[in-house]
Amino acid sequence: MSILYGKGVRAVDDAYQQMEGWTSSAIEVTILGEKDEDQAPPVQKTFYQLKPCPDNTHNRIYFNQVDFIAFPKNSEVHVSDHTFEAYDSESKLCYRVRKVNVERISKPVMMR
Numbered sequence: 028m029s030i031l032y033g034k035g036v037r038a039v040d041d042a043y044q045q046m047e048g049w050t051s052s053a054i055e056v057t058i059l060g061e062k063d064e065d066q067a068p069p070v071q072k073t074f075y076q077l078k079p080c081p082d083n084t085h086n087r088i089y090f091n092q093v094d095f096i097a098f099p100k101n102s103e104v105h106v107s108d109h110t111f112e113a114y115d116s117e118s119k120l121c122y123r124v125r126k127v128n129v130e131r132i133s134k135p136v137m138m139r
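Start counting at 1 in the sequence shown, then tack on 27, and there's your number in this note's numbering.
See below:
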């Protein structure tokens with residue numbers, strides 16, 4: 028399991044390479060704030076791609092060709108085989124994306 032730690036452009040470039048194999052993988056997305064703040068529940072998505080935004084100030088994690096979350100380019104990045112985290116010290120938010128097993132994602136109920 029390789030882990031990349033860093034801040035800024037180089038760390039994100041390493042993350043691009045590490046996450047190339049994630050395309051079409053089931054992921055769980057969570058945005059975490061301070062310890063005492065209310066936390067939103069994780070959201071199940073499909074990883075499409077990681078790329079910079081047009082003005083090059085943020086990076087985007089796409090779930091399809093249109094929908095994404097963005098985190099500042101100068102965020103501290105931690106990447107392993109199954110987890111990506113970007114911490115923005117200015118907003119004190121942590122953007123966490125984890126690869127999950129398809130079995131963990133609840134399946135839709137079939138209507139008769």
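Backbone N, C-alpha and C fix where the C-beta goes; we use that ideal spot for every residue, glycine too.
Using the three-state DSSP reduction, which class does residue i fall into: helix, strand or coil?
i	result
Gln44	helix
Lys134	Note that Lys134 scores 47 on pLDDT, short of 50, meaning its location in the model is unreliable and no value can be drawn from it.
So if DSSP puts residue i in a beta bridge, which residue, or which two residues, is it bridged to?
i	result
Glu55	Gln71, Arg125
Glu86	Sequence inspection shows Asn at residue 86; the Glu mentioned does not correspond to that position. Paired residue(s): Pro79, Phe98.
Please confirm whether residue i and residue j have their CB atoms less than 8 Å apart.
i	j	result
Arg123	Leu59	yes
Phe98	Asn86	yes
Asp41	Val106	yes
Val56	Pro68	no
Thr84	Lys72	no
Report all residues from its chain with a CB closer than 6 Å to the CB of residue i; omit the five preceding and five following residues, and keep chain order.
i	result
Ser52	Phe74, Lys126
Ile96	Ile88
For residue i, which residues of its own chain have a beta-carbon under 7 Å away from its beta-carbon, when the five flanking residues on both sides are left out?
i	result
Phe13	Summary: the structure shown does not reach residue 13, with the chain confined to residues 28 through 139, and so no result is reported for it.
Glu61	Lys119
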